[in-house]
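Down below is the structure, laid out as structure tokens.
Residue numbers (the working numbering), protein chains in the order written: chain A, 826 to 936; chain B, 19 to 902.
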């Protein structure tokens, strides 16, 4: 089994927003998508996923509705709101800036 | 936002748990698809997810406001506890509601009578200008009058500490005629009145200097209440006119609803402009003068300025027609400024100390009720000891348990306070009604204001602290291990816990003794007044105050006209006797003159009465003679004096044949009277005051006849019947005269209103306090018996007889009673001084009262402890030992 990494503090929100950017998804799918896309490096703790969803909804970045899952279960779907989309781009560019900066620190010679 | 969340937190909790439920189903289905058995699949899903409750709790915490939520929990828990113990809750809430209600009601009266400032702009700037120390009985005093009109004119001319000054007086005025005729409460105001007070008109305009210049005036302003009730609230225009004291006046405007005048307890109806007579009397203290302090002046600095100008002012307004000694005294008068922000009030002078005393009494009653509740709470807390111990053992923080117990007592206090405030509204209205007399209700604004609300809130909080804090604190500090182990198994209850309850009971006993002593004192004082023999007939006397201004009787025929009236009244069937007098005793009011007898100078009260006066009033003549037909306006002036007069001025000498000389006053030239008789002492102005030296002279020789008199009528018929026939007879013969007829006793009793009120209320509260105190004693002794059930059981099993058990329990109660009574006696003696001035015919340290109160308290105390003691003695030792 690969060694799994805890999600960096503050990045879970961004990851969730990104996960539902293509279209509405329920909590299970969101966790699945994040884990798959990261090739199972990132582990989504459910203990923080649901509170995070709640927080995002509270801030108005995502909205939710009850729907039916692929295998006919009742599930709560989340979609990105306009504010959420804007937030996603803000967070993504901030993330990229940070990554670039960290990389510059780590590999100054390549510059 | 956060409030929205807070209010929807339950909704979200449901939503999230459903969602998590959904997750499990999906994950389980996935697991099954991967080939697990359904049981394993569900377990794996749960393992993967973790503790769903924790997640829910985290989300819940995000939504809620922690402390508010836990307080809400405490409140719910408290309410459940209350509902679970309906008996306790009812007693607690009712006693608190009564206690807080009574306190708030009395405070509302104190507030309305003494504390509330006038509803005008910057009432603190308003001062009243008076002669420092009063006018010492000089001249004629009319109503609230402080100063003479000449004095007012001087102040009006020069009033540097004040931005404005005004003068006013109160007057009964007659309004309308025929069937619309009624008497209204008037104020007569100088032109500056409304401007200086800064009262803005509600309608039209208010009186101004030009109204005063048009003297005699033909304008008037009315109060809002009068406008509404008598003028139907119609718009004020040029046709709004009223016949006032026989003069048609234009109503120019209405004062705002909040302005009731400057007299607390008596709303004004109509304001008339002042119209000074051409000849001003220098000895008639008939106006109140008030002013608004200029910025930078204080009452002290204004008083100093007034004192400085006083000598000049007094010289310019010198009293005339009096002795040089009086004039000299007058010249030494100093003016001073006094706070008038709360208006002027007879009520305040009469009731202020009584009301504060009543407030103290109700406060003490509440204290006793609180002590009772504290004991109840404590007893209850000890039964809940194990509940609390379990919660502490399970890890509840002590502070949390303490808070929960405090929330419980606060809930009781809060509910009690809310009910109490409602009750207070009702009680204070009843009290105001009780203070009203036949002349009409007193117009007190007793409504809620911030002071009353703060007071009620403070009382409730204090209550809660007193009865809630100590028990809660003790309960929450219980040691869980001991509490779980102990639980009624102990042989004797810890003395330490009892000491708190004991001290509460001792407090209750001592405070209820104080209140009981107070109750006895006031009830006995009132009884003394009611049964006091004033030295004259009270029963069967009817008074008729008659005004015959409109009969146009010439000055020299007035005495004859009065005699006719007496004869007409005498001829009414059932009337035994009747007489006229210039002064009716016992209903307030006095008339005095300075006199000289031989070389002695002094004062004496004077009345001029017709021949039948002594017989009618049942005042015995001890020596000499009364008046007869020979005492006429032309004959030598004669007088009958009372025993006090003889003692004071004629010690040793035979009074008959001695002469006394009155000092001159305007309308009353210096006159020499020969003493022809001595009458027994009787009370003069009221029942309370000592009998003064007192002179009665024949009505025929009254130097200043006026178109009015008072008749005293003796009859054995019921008062209502005789009043009716007197009114009818006078009305038939002289339809133009104005008469007010009533029973002498009713008039006297109205003067005793304060005493009756104090007797009733202090009596009620005193016995209530005793009752509460005894309930407390009973409760603690009962509790003690229950706690010591096993000990008693063992004693009985070992051969103690019933009597010994009763004695053992009673000794416990006796000790508390003894300490309580000792402390209470000391407190009563100390507190009694506050009541001294309100008592009649006994001292506050009256031993009989003290003994009676102690006796009563000990008797009911013994009864209250005997009941549980007897119950203890009848304990079946087997049962007692077996239980728990």
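Heads up, the beta-carbon is just placed ideally off N, CA and C, and yes, glycines get one too.
Note that the structure is predicted; figures quoted are calculated from it, not measured.
Output the boundary residues of the alpha helix (DSSP H) element that contains residue 49 of chain B. Per DSSP, residue 49 of chain B belongs to the alpha helix (DSSP H) from 27-51.
Of all Cβ atoms in chain B, is any one closer than 7 Å to the Cβ of residue 901 of chain A? At least one chain B Cβ lies under 7 Å of residue 901 of chain A.
Mind checking the region 854-883 of chain A against chain B and listing, in chain order, the residues whose C-beta falls within less than 7 Å of any C-beta there? Correct list: 871, 872, 875, 876, 879, 880 and 883.
First and last residue of the uninterrupted alpha helix (DSSP H) at residue 876 of chain B: Residues 865-891.
Residues of the region 36-58 of chain B with a CB closer than 7 Å to any CB of chain A: list them in chain order, please. Listed in chain order, the positions of the region 36-58 of chain B with a beta carbon within less than 7 Å of a beta carbon of chain A are 37, 38, 40, 41, 43, 44, 45 and 47.
Look at the Cβ atom of residue 481 of chain B, then the Cβ atom of residue 388 of chain B, and state whether they are nearer than 7 Å. Going by C-beta atoms, residue 481 of chain B is nearer than 7 Å to residue 388 of chain B.
Throw me the rounded Cβ distance for the residue 903 of chain B and residue 856 of chain B pair, which I believe falls under 8 Å. In the structure as shown, chain B begins at 19 and stops at 902. Residue 903 of chain B is therefore absent and cannot be evaluated.
Excluding five sequence neighbours on each side, which residues of the same chain lie with their C-beta closer than 6 Å to the C-beta of residue 598 of chain B? So the qualifying residues of the chain are 580, 584, 628, 717, 727 and 729.
Integer Cβ distance of residue 328 of chain B from residue 303 of chain B, believed to fall under 8 Å: Not confirmed; about 15 Å, so no contact.
Who are residue 611 of chain B's beta bridge partners in DSSP? Residue pairing by DSSP places residue 611 of chain B opposite B/622 in a beta bridge.
Give the interface partners of residue 67 of chain B over in chain A, defined as CB-CB distance under 9 Å, in chain order. Ordered by position in chain A, the residues that pass the 9 Å Cβ test against residue 67 of chain B are 871 and 872.
Using the C-alpha atoms, what's the distance from residue 404 of chain B back to residue 506 of chain B? For residue 506 of chain B, the predicted model reports a pLDDT of 47, less than 50, meaning its position is unreliable; a value from the coordinates is still stated below. If you draw a straight line from the Cα of residue 506 of chain B to the Cα of residue 404 of chain B, it is about 10 Å long.
Range covered by the beta strand (DSSP E) that runs through residue 186 of chain B: Its beta strand (DSSP E) spans residues 180-193.
Closer than 8 Å at the beta carbon, the chain A residues around residue 34 of chain B: Under the 8 Å cutoff, chain A gives 875 and 879.
Within-7 Å CB hit, residue 852 of chain A to chain B: Interface residue (Cβ-Cβ distance to chain B less than 7 Å): residue 852 of chain A is classified as such.
Contact belief for residue 656 of chain B with residue 694 of chain B at Cβ below 8 Å, rounded distance in angstroms: The C-beta distance from residue 656 of chain B to residue 694 of chain B rounds to 5 Å, short enough to fall under 8 Å.
Extent of the continuous beta strand (DSSP E) run through residue 291 of chain B: Note, residue 291 of chain B: beta strand (DSSP E), 288-291.
For residue 910 of chain A, which residues in chain B fall below 8 Å Cβ to Cβ? At a beta-carbon threshold of 8 Å, none of the residues of chain B lie near residue 910 of chain A; the nearest stands roughly 21 Å away.
DSSP three-state assignment for residue 489 of chain B, whether helix, strand or coil: The answer is helix: DSSP assigns residue 489 of chain B an H, G or I state.
Along the chain, which unbroken stretches of the alpha helix (DSSP H) at least 4 residues long are found entirely within the region 708-759 of chain B? With a minimum length of 4 residues, the continuous alpha helix (DSSP H) runs that stay inside the region 708-759 of chain B are 737-751.
What ranges does the beta strand (DSSP E) occupy inside the region 196-270 of chain B, keeping only unbroken runs of at least 3 residues that lie completely in it? DSSP runs (the beta strand (DSSP E)) wholly in the region 196-270 of chain B: 200-207, 237-240 and 259-262.
Three or more beta-carbon pairs under 8 Å between the region 758-769 of chain B and the region 729-741 of chain B, yes or no? The region 758-769 of chain B makes contact with the region 729-741 of chain B, as at least three CB pairs between them are under 8 Å.
Cβ-based neighbour list, residue 864 of chain B, same chain, cut-off 8 Å, excluding 5 preceding and 5 following: If we look at residue 864 of chain B and ignore the five residues flanking it on each side, its Cβ neighbours are 539 and 542.
Under a three-way DSSP split, which group does residue 827 of chain B fall into? Here residue 827 of chain B sits in helix by DSSP.
Do you know whose CA, among B/428, B/827, B/185 and B/815, lies nearest residue 164 of chain B's CA? For residue 164 of chain B, the closest of B/428, B/827, B/185 and B/815 by C-alpha to C-alpha distance is B/185.
Short check: CB of residue 794 of chain B to CB of residue 523 of chain B, under 7 Å? Taking 7 Å as the cut-off, the beta carbon of residue 794 of chain B is found closer than this to the beta carbon of residue 523 of chain B.
Pick out the complete alpha helix (DSSP H) segments inside the region 100-163 of chain B, 4 residues or longer, and give them in chain order. DSSP runs (the alpha helix (DSSP H)) wholly in the region 100-163 of chain B: 104-128.
Let me know the secondary structure DSSP gives residue 304 of chain B once reduced to three states. The answer is coil: DSSP assigns residue 304 of chain B none of H, G, I, E or B.
Taking all protein chains shown into account, do 16 or more other C-beta atoms lie within 10 angstroms of the C-beta of residue 301 of chain B, making it buried, or fewer, making it exposed? By the neighbour-count rule (16 or more Cβ atoms within 10 Å), residue 301 of chain B is buried.
If we call anything under 7 Å between Cβ atoms a contact, is residue 226 of chain B one with residue 287 of chain B? Cβ distance not < 7 Å, so residue 226 of chain B and residue 287 of chain B don't count as in contact.
Inspect the CB distances between the region 270-281 of chain B and the region 316-328 of chain B and report whether three or more fall short of 8 Å. Cβ pair count under 8 Å is below three, so no.
Beta-carbon separation of residue 354 of chain B and residue 664 of chain B under 7 Å? It is not a contact, given that the beta carbons lie outside the stated cut-off.
Candidates B/635, B/530, B/766 and B/299: closest to residue 596 of chain B by CA position: Nearest of B/635, B/530, B/766 and B/299 to residue 596 of chain B, Cα basis: B/635.
For the pair the region 879-888 of chain B and the region 825-835 of chain B, tell me if three or more CB-CB distances fall below 8 Å. By the Cβ criterion, the region 879-888 of chain B is in contact with the region 825-835 of chain B, since at least three pairs of Cβ atoms, one from each stretch, lie closer than 8 Å.
Return helix, strand or coil for residue 899 of chain A, following the three-state DSSP convention. Correct three-state label for residue 899 of chain A: strand.
Using the three-state DSSP reduction, which class does residue 310 of chain B fall into: helix, strand or coil? In the three-state scheme derived from DSSP, where H, G and I count as helix and E and B as strand, residue 310 of chain B is classed as strand.
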